[in-house]
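Asks: One line per chain: the protein sequences are A and B, in this order.
For the first sequence, the positions run 678 to 863 when the working numbering is used.
For the second sequence, the positions run 678 to 863 when the working numbering is used.
Can you read through this structure? Questions will come right after.
Number of protein chains: 2
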Amino acid sequence: MTRERPPDRRVRRTKQRLDDALESLIIEKGYDKTTVQDLIDRADVGRSTFYAHYETKDDLLASWGDQLAAEMELQMAQQQTEAGSIMPSLALFRHMAEAHHVYKAMIGSRGGDIATAMVHSSLLRHATSGLERRPDAGNKTTIPIEVRAEFLTGSLFSLLTWWVDNDMPYPPESMDEMYQELTRTA
Amino acid sequence: MTRERPPDRRVRRTKQRLDDALESLIIEKGYDKTTVQDLIDRADVGRSTFYAHYETKDDLLASWGDQLAAEMELQMAQQQTEAGSIMPSLALFRHMAEAHHVYKAMIGSRGGDIATAMVHSSLLRHATSGLERRPDAGNKTTIPIEVRAEFLTGSLFSLLTWWVDNDMPYPPESMDEMYQELTRTA
DNA sequence: TCTGTATAGAACATCATGTCTGATACCGAA
DNA sequence: TTCGGTATCAGACATGATGTTCTATACAGA
Numbered sequence: 678m679t680r681e682r683p684p685d686r687r688v689r690r691t692k693q694r695l696d697d698a699l700e701s702l703i704i705e706k707g708y709d710k711t712t713v714q715d716l717i718d719r720a721d722v723g724r725s726t727f728y729a730h731y732e733t734k735d736d737l738l739a740s741w742g743d744q745l746a747a748e749m750e751l752q753m754a755q756q757q758t759e760a761g762s763i764m765p766s767l768a769l770f771r772h773m774a775e776a777h778h779v780y781k782a783m784i785g786s787r788g789g790d791i792a793t794a795m796v797h798s799s800l801l802r803h804a805t806s807g808l809e810r811r812p813d814a815g816n817k818t819t820i821p822i823e824v825r826a827e828f829l830t831g832s833l834f835s836l837l838t839w840w841v842d843n844d845m846p847y848p849p850e851s852m853d854e855m856y857q858e859l860t861r862t863a
Numbered sequence: 678m679t680r681e682r683p684p685d686r687r688v689r690r691t692k693q694r695l696d697d698a699l700e701s702l703i704i705e706k707g708y709d710k711t712t713v714q715d716l717i718d719r720a721d722v723g724r725s726t727f728y729a730h731y732e733t734k735d736d737l738l739a740s741w742g743d744q745l746a747a748e749m750e751l752q753m754a755q756q757q758t759e760a761g762s763i764m765p766s767l768a769l770f771r772h773m774a775e776a777h778h779v780y781k782a783m784i785g786s787r788g789g790d791i792a793t794a795m796v797h798s799s800l801l802r803h804a805t806s807g808l809e810r811r812p813d814a815g816n817k818t819t820i821p822i823e824v825r826a827e828f829l830t831g832s833l834f835s836l837l838t839w840w841v842d843n844d845m846p847y848p849p850e851s852m853d854e855m856y857q858e859l860t861r862t863a
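This is the structure:
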């Protein structure tokens with residue numbers, strides 16, 4: 678068991694700066710158009726310093742995205758225990774509402790894919806385990822769980838992105854209700 | 678009314694070569710990693726020739742994707758008139774099965790986004806008009822058509838991509854049935 | 001205070017993109 | 001078949017982003 682040493686304060690500062698720079702640049706000009714040069718300028722960090730911590734721009738994005746995902750997981754875990762719903766959809770709608778600047782900026786840019794892929798597996802896990810745990814009262818469908826899980830995940834995603842992209846025309850609670858009703862069959 | 682002149686035979690040949698090169702390269706190494714240099718090497722075409730016809734790599738992809746979309750539209754239009762279903766899902770599953778090499782190669786690469794975006798609007802149109810035309814027998818939902826259309830489109834997409842990405846474990850007809858059942862509510 | 005490590009700054013090689021040139025080959029219409 | 005218009009080729013070139021490497025300096029933690 679090798680003891681984890683807390684990172685140097687300088688390292689923490691540098692990473693924090695880069696994270697902040699990334700977020701503001703994503704909102705400002707989108708992930709695609711953001712260059713490494715932009716990042717280190719905004720973060721006021723040396724070029725070699727950047728590459729000392731991250732291999733590529735995508736690497737930074739992934740690391741930054743992990744933090745968002747962690748927050749998300751927290752909120753999802755809460756709803757999971759509360760309601761009997763399979764997907765933690767309400768938590769997701771609320772979470773996206775909070776950070777909507779970022780998500781809207783990422784939709785359509787390549788950063789969206791990376792973020793999407795990161796969250797997708799996590800959501801799919803929720804769906805699968807939720808379906809397995811479910812009493813399945815009066816549900817005589819023969820559709821494999823795999824397919825149903827993918828359906829639940831994909832349709833939720835589509836509503837989430839549509840909603841944010843259209844500047845959230847309905848409150849999170851309404852979106853959640855609609856999603857619940859639309860996926861009654863699954 | 679300016680009469681449309683058919684393009685020079687040389688132009689046709691060049692574009693055909695580039696289209697072929699694009700398709701084979703997408704399958705071979707993915708869209709992202711394909712460079713303009715790769716394209717013109719494979720197509721055996723001069724660099725300046727490429728830029729005489731397309732502004733960027735994405736431009737070529739879009740033009741090439743239009744052809745796929747056109748084929749798709751054809752198959753979709755047929756099913757539309759036949760069955761009473763809202764979405765031409767069966768036609769889509771069959772279409773993707775035919776060109777699955779290409780689609781699977783594009784899933785996850787940035788090319789996927791561009792292609793996805795192209796098809797998305799077309800599918801959304803189908804969904805919207807289908808919902809408007811529908812008799813709505815015994816359907817007392819208050820969910821706005823916009824949301825339902827997005828739901829139908831998004832969930833269909835997710836099943837399509839999952840299906841192709843997992844090497845089509847079920848026949849197109851089964852996938853279509855499952856999709857129909859899962860979206861009974863909408 | 002002292003040692004190890006992170007950082008700055010800048011130079012550098014590499015690679016892909018997109019532009020531009022003039023010479024050549026080809027097309028389609030007369 | 002000829003001829004004018006145009007597509008193509010080959011290559012050079014400018015540009016901009018990426019990632020590497022170096023040394024001197026600043027700082028953290030013990």
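Just so it is clear, CB atoms sit at the ideal spot from N, CA and C, and this is done for glycine as well.
Anyone know if the C-beta pair for L875/A and I820/B falls short of 8 Å?
Replies: With chain A represented from 678 up to 863, any question about residue 875/A goes unanswered, as that position is not in the structure.
Asks: Consult DSSP for P849/A and reduce its assignment to one of helix, strand or coil.
Replies: Looking at P849/A - three-state DSSP - the assignment turns out to be helix.
Asks: Excluding the 5 residues preceding and the 5 following A774/B in the sequence, name in chain order all residues of the same chain whose CB lies nearer than 7 Å to its CB.
Replies: M845, P849, listed in sequence order.
Asks: Between which residues of its own chain and A768/A is the CB-CB distance below 6 Å, once the five residues before and five after are set aside?
Replies: These residues qualify, in order along the chain: Q752, M753, Q756.
Asks: For R787/A and R787/B, what's the separation of their Cα atoms in angstroms?
Replies: Each residue's alpha carbon lies about 7 Å from the other.
Asks: Note down, in chain order, each residue of its chain lying with its Cβ closer than 6 Å to the Cβ of H772/A, except the 5 sequence neighbours on either side.
Replies: Excluding sequence neighbours, H772/A sits near M749, Q752.
Asks: Can the beta-carbon of E864/B be found closer than 8 Å to that of V779/B?
Replies: In the structure displayed, chain B extends from 678 to 863; residue 864/B sits before or after that span and is not available.
Asks: Rounded to whole angstroms, what is the Cα-Cα separation between P684/B and H730/B?
Replies: Whole-angstrom Cα-Cα distance: 12 Å.
Asks: On the CB-based measure, 16 or more other CB atoms within 10 Å of its CB, does D790/B come out buried or exposed?
Replies: Looking at its Cβ environment, which holds 16 or more other Cβ atoms inside 10 Å, D790/B is buried.
Asks: Using 8 Å as the limit for Cβ to Cβ distance, is M855/B near chain A?
Replies: So yes, M855/B belongs to the interface.
Asks: Hey, how far is the Cα of M764/B from the Cα of F834/A?
Replies: Spanning the two alpha carbons is a distance of roughly 19 Å.
Asks: Which residues in chain B sit within 7 Å of S832/A, going by Cβ to Cβ distance?
Replies: Within 7 Å Cβ-Cβ: F828, G831, S832, S835.
Asks: Got a sec? Which residues, its chain only, sit under 6 Å from V713/B by beta carbon, not counting five neighbours each side?
Replies: Cβ neighbours of V713/B beyond the five flanking positions: K734.
Asks: Taking C-beta pairs closer than 8 Å, name the residues in chain B that E858/A reaches, listed in chain order.
Replies: Ordered by position in chain B, the residues that pass the 8 Å Cβ test against E858/A are T818, I820, T862.
Asks: Shorter than 8 Å from the beta carbon of R811/A to some beta carbon of chain B?
Replies: It does not; no Cβ of chain B falls within 8 Å.
Asks: Interface residues of chain A around D844/B at Cβ under 9 Å?
Replies: Result: empty, since nearest Cβ-Cβ is about 13 Å, beyond 9 Å.
Asks: Could you tell me which of E809/A, R825/A, D696/A sits nearest to W839/B, measuring between CA atoms?
Replies: Answer by Cα proximity: R825/A.
Asks: Under the rule that 16 or more other beta-carbon atoms within 10 Å means buried, what is D853/A, buried or exposed?
Replies: So D853/A ends up on the buried side.
Asks: Go ahead and pull the three-state DSSP assignment for G723/B.
Replies: DSSP places G723/B in coil when its eight states are reduced to three.
Asks: Determine which residues of the segment 789-807 of chain B have a Cβ less than 9 Å from any Cβ of chain A, and write them out in chain order.
Replies: The segment 789-807 of chain B vs chain A, Cβ under 9 Å: G789, D790, A794.
Asks: Can you tell me whether V688/A is buried or exposed, with buried defined as 16 or more other CB within 10 angstroms of its CB?
Replies: Exposed is the call here.
Asks: What residue does the alpha helix (DSSP H) around Y780/A start on, and which one ends it?
Replies: Residues 777-783.
Asks: Report the residue from M795/A, H777/A, M783/A whose alpha carbon sits nearest the alpha carbon of V841/A.
Replies: Among M795/A, H777/A, M783/A, the Cα nearest to that of V841/A is on H777/A.
Asks: Kindly list the residues whose CB is nearer than 7 Å to the CB of Q744/A, restricted to its own chain and excluding five residues on each side of it in sequence; keep chain order.
Replies: Closer than 7 Å at the Cβ level, and outside the excluded window around Q744/A, lies no residue.
Asks: By the DSSP assignment, the alpha helix (DSSP H) with R802/A in it spans what residues?
Replies: It spans 787-810 - the alpha helix (DSSP H) in which R802/A sits, taken as one unbroken run.
Asks: So A746/B and S799/B are supposed to be a Cβ contact under 8 Å. How far apart are they, rounded?
Replies: Right, their Cβ atoms sit about 6 Å apart.
Asks: Of the residues D709/A, L702/A, Y708/A, which one's Cα is nearest the Cα of D718/A?
Replies: When only C-alpha atoms are compared, the closest one is L702/A.
Asks: List the whole-angstrom C-beta distance separating D876/A from W741/A, where the pair is believed to meet the contact cut-off of C-beta under 8 Å.
Replies: Nothing about residue 876/A can be read from this structure; chain A reaches only from 678 to 863.
Asks: Report the neighbours of W839/A on chain B: residues whose CB is nearer than 7 Å to its CB, in chain order.
Replies: Those within 7 Å of W839/A in chain B are E827.
Asks: What span of residues does the alpha helix (DSSP H) with I822/B cover, start to end?
Replies: From DSSP, the alpha helix (DSSP H) with I822/B extends over 822-842.
Asks: Quick one: what's got a C-beta closer than 6 Å to A720/B's C-beta in the same chain, skipping five residues either side?
Replies: For A720/B, where only same-chain residues beyond five positions count, the Cβ hits under 6 Å are R694, L695, A698.
Asks: From M855/A to I822/B, what does the alpha carbon distance come to, in whole angstroms?
Replies: Their Cα atoms are separated by approximately 11 Å.
Asks: K692/A by DSSP, collapsed to three states: which one?
Replies: Residue state, collapsed to three classes: helix.
Asks: Should T818/A be labelled buried (16 or more other beta-carbon atoms within 10 Å of its own) or exposed?
Replies: Flag for T818/A reads exposed.
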